[in-house]
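K.L.:
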Amino acid sequence: MAAVSRAKSAPKGRGRRGARASGDDRERAILETAERLLEERPLGEISVDDLARGAGLSRPTFYFYFPSKDAVVLTIIDRLVAAAAGSREQALATLAKGDPRSGLRQGLEDLYAAFRSRRAVVLAAAELRTTNEEARDLWTQVMEGWVADVTAVIEAERARGAAPPGQPARDLAIALVQMNERVQYASFAGEAPSLEDDRVLDVLVEIWLRAIYGNAEPSS
Numbered sequence: 010m011a012a013v014s015r016a017k018s019a020p021k022g023r024g025r026r027g028a029r030a031s032g033d034d035r036e037r038a039i040l041e042t043a044e045r046l047l048e049e050r051p052l053g054e055i056s057v058d059d060l061a062r063g064a065g066l067s068r069p070t071f072y073f074y075f076p077s078k079d080a081v082v083l084t085i086i087d088r089l090v091a092a093a094a095g096s097r098e099q100a101l102a103t104l105a106k107g108d109p110r111s112g113l114r115q116g117l118e119d120l121y122a123a124f125r126s127r128r129a130v131v132l133a134a135a136e137l138r139t140t141n142e143e144a145r146d147l148w149t150q151v152m153e154g155w156v157a158d159v160t161a162v163i164e165a166e167r168a169r170g171a172a173p174p175g176q177p178a179r180d181l182a183i184a185l186v187q188m189n190e191r192v193q194y195a196s197f198a199g200e201a202p203s204l205e206d207d208r209v210l211d212v213l214v215e216i217w218l219r220a221i222y223g224n225a226e227p228s229s
């Protein structure tokens, strides 16, 4: 669904300032500098010195806030996922009222919009997962959270008779979540073939409805 309530907005081990970090102007300057530079060039071409200089800080001061440039990217992803979780309960409530299309679309749209707004950071994080174990662990946590949410939705819809029985709920959830991640990434990265931005949600919602409910216009 929309995102993971389990994801934490204040990551352990990545920043150095604990509870004060998220409200610190200097940390915010580093995060904003990273986002700006990632719009211009890939993470591999950005140095700690670039981040410190862009934030108006010295290199030693940078390390007071983050242990590495990778940690900066992971912190942005942490907070992005947490922010996207805000509408999860509303989307679930819409489903429970017997409006599957609106509920699913709201959940998928909120997540897609959040990640699309940080497209460069998402691409950098995907690059990091090939070399950075912490990045892989973070993404595993995020994906497992989404899978757990979707599994619960499928089971609840089946229990109330809105969705028919079928493949095990967790297996179906894994397939749907992994499909979402791959389709969205391809669109963000401009891969060929990939869906146009304005088609991604329509296609995904249709697939989710048919996979969970057996048709694109499920009744309440």
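Each residue of the sequence shown is one higher than the last, beginning at 10 in my numbering. Every residue, glycine too, gets a C-beta built ideally from N, C-alpha and C.
When you compare only the Cα positions, how much space is there between residue 209 and residue 196?
P.N.:
Here the question's residue 209 lines up with position 200 in the sequence shown. Here the question's residue 196 lines up with position 187 in the sequence shown. Distance between the alpha carbons of residue 209 and residue 196: 8 Å.
K.L.:
Using C-beta distances below 6 Å, list every residue in its chain close to residue 178, excluding the 5 sequence neighbours before and after it, in chain order.
P.N.:
Taking the first residue of the sequence shown as 1, we reach residue 178 at position 169. Taken in chain order, the residues that qualify are 160, 163 and 164.
K.L.:
Given a cut-off of 8 Å, decide if residue 132 and residue 198 are closer than it, judged by their beta-carbon atoms.
P.N.:
Taking the sequence shown and counting its residues from 1, one reaches residue 198 at position 189. Taking the sequence shown and counting its residues from 1, one reaches residue 132 at position 123. Yes; because the gap between Cβ atoms is below 8 Å, this pair is in contact.
K.L.:
Could you tell me if residue 61 is buried or exposed, where buried requires 16 or more neighbouring beta carbons within 10 angstroms of its beta carbon?
P.N.:
The count along the sequence shown starts at 1 and reaches residue 61 at position 52. Answer is buried; the Cβ neighbour count reaches 16.
K.L.:
Taking the alpha helix (DSSP H) that residue 221 belongs to, which residues open and close that run?
P.N.:
Counting from one through the sequence shown, the residue named residue 221 turns up at place 212. Where residue 221 is concerned, the enclosing alpha helix (DSSP H) stretches over 206-222.
K.L.:
What three-state label does DSSP hand residue 33 in the structure shown?
P.N.:
Here residue 33 refers to the residue found at position 24 of the sequence shown. Here residue 33 sits in coil by DSSP.
K.L.:
Taking all protein chains shown into account, decide if residue 127 is buried (16 or more other Cβ within 10 angstroms of its Cβ) or exposed.
P.N.:
Translated into positions along the sequence shown, residue 127 becomes position 118. Under this definition residue 127 is a buried residue.
K.L.:
For residue 122, count neighbouring Cβ atoms within 10 angstroms of its own Cβ and tell me buried if that reaches 16, exposed if not.
P.N.:
Position 113 of the sequence shown, counted from the start, is the residue given in the question as residue 122. It counts as exposed.
K.L.:
Determine the DSSP secondary structure at residue 230, reduced to helix, strand or coil.
P.N.:
Limits of the chain in this structure are 10 at one end and 229 at the other, which puts residue 230 out of reach.
K.L.:
Between which two residues does the alpha helix (DSSP H) harbouring residue 196 extend?
P.N.:
Locating residue 196 in the sequence shown gives position 187, where the first residue counts as 1. 178-198 is the span of the alpha helix (DSSP H), which, as asked, contains residue 196.
K.L.:
Measure the CB-CB distance between residue 194 and residue 109 and report whether it falls below 8 Å.
P.N.:
Translated into the one-based positions of the sequence shown, residue 194 becomes position 185. Translated into the one-based positions of the sequence shown, residue 109 becomes position 100. Result no, Cβ atoms of residue 194 and residue 109 do not sit closer than 8 Å.
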